[in-house]
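Contents: one structure, followed by commentary.
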Amino acid sequence: MLHPSHFAAVLLFALFASTVFGITMRDTPPRMFRYGAYCFVLFVGSVIVFSWVMFLIAR
Amino acid sequence: MATTPNKPAAAKTSSKGFVYLPLIAGWLVPGAGHFLLGKWIRGTLLAVSIIAMFALGLAMQGKLYTSAQDILDMLGVAGDLGGGLLYFLSRAAGWGGTPVQTTIADYGTKFIVVAGLLNIIAAVDAHNLRTGRKS
Chain A
100 MLHPSHFAAV LLFALFASTV FGITMRDTPP RMFRYGAYCF VLFVGSVIVF SWVMFLIAR
Chain B
-19 MATTPNKPAA AKTSSKGFVY LPLIAGWLVP GAGHFLLGKW IRGTLLAVSI IAMFALGLAM
41 QGKLYTSAQD ILDMLGVAGD LGGGLLYFLS RAAGWGGTPV QTTIADYGTK FIVVAGLLNI
101 IAAVDAHNLR TGRKS
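Here the protein sequences come in this chain order: A and B.
Just so you know, we're using my numbering here: the first sequence kicks off at 100 and counts up by one.
Just so you know, we're using my numbering here: the second sequence kicks off at -19 and counts up by one.
What follows is the structure, encoded as structure tokens:
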């Protein structure tokens, strides 16, 4: 059984989902790449932000 | 103000053949819709992403939804069905953990569902390419 950490799972999820979003939501390869990168940063960034928010709420 | 009317992009493409073939092929096999249209790189990236996500979900002992007992199970079945042949083959082979007992297995279940949903998006994209709505 594969046992990635929570953050590794987030990175894998963000990578695959961003790849599909980039290819399907834009028309040209440069725009696909930019949009994919944008989605990846939003996925990972929002996880980090909400993790800190939950950590601060739980204290 | 005079504007240029938007001509339907579909007019540019050939209307020969079964227009829903890329949609159906893309649903059954991730990336196949794009392969049929000669979009090899896009198809390969989509296939790798979706198959890897599905396989990682199974490797994490994610659950394959098989029956719908309540609304959430129903949504899970709908998401899993998006995986096309990946889902049917996995069910036939008996892969995937049934009751989710660990956090990792829960992540795996979500990976499988999201892989199915992403596959639907990819199949619809192939259909849009086929009809000329997207280039």
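All C-beta atoms, glycine included, are put in the ideal place defined by N, C-alpha and C.
This structure is a prediction, so every number in the text was calculated from the model and none was measured.
Let me make sure I understand the geometry here. Which of the options has the alpha-carbon closest to that of residue i?
| i | options | result |
| --- | --- | --- |
| residue 97 of chain B | B:-1, B:23, B:33 | B:33 |
| residue 134 of chain A | A:143, A:142, A:120 | A:120 |
| residue 46 of chain B | B:108, B:93, B:83 | B:93 |
| residue 126 of chain A | B:70, B:80, B:19 | B:19 |
| residue 114 of chain B | A:157, A:155, A:148, A:122 | A:122 |
Quick one: what's got a C-beta closer than 6 Å to residue i's C-beta in the same chain, skipping five residues either side?
| i | result |
| --- | --- |
| residue -8 of chain B | Because the pLDDT at residue -8 of chain B is just 48, under 50, the model does not fix this residue reliably, and the value given afterwards should be weighed accordingly. For residue -8 of chain B, where only same-chain residues beyond five positions count, the Cβ hits under 6 Å are 112. |
| residue -13 of chain B | Note that residue -13 of chain B scores a pLDDT of 45, beneath 50, so its modelled location is shaky and nothing firm can be said. |
| residue 37 of chain B | 88, 91, 92 |
In whole angstroms, give me the CA-to-CA distance for residue i and residue j.
| i | j | result |
| --- | --- | --- |
| residue 104 of chain B | residue 3 of chain B | 6 Å |
| residue 136 of chain A | residue 25 of chain B | 15 Å |
| residue 106 of chain B | residue 129 of chain A | 19 Å |
| residue 109 of chain B | residue 17 of chain B | 8 Å |
| residue 165 of chain A | residue 85 of chain B | Outside the displayed range of chain A (100 to 158) lies residue 165 of chain A, so it cannot be described from this structure. |
| residue 102 of chain B | residue 158 of chain A | 42 Å |
| residue 124 of chain A | residue 143 of chain A | 19 Å |
Taking 7 Å as the limit between beta carbons, can you name the residues of its chain near residue i, skipping five residues before and five after?
| i | result |
| --- | --- |
| residue 78 of chain B | 43 |
Please state whether the Cβ-Cβ distance between residue i and residue j is less than 9 Å.
| i | j | result |
| --- | --- | --- |
| residue 108 of chain A | residue 29 of chain B | no |
| residue 62 of chain B | residue 7 of chain B | yes |
| residue 35 of chain B | residue 9 of chain B | no |
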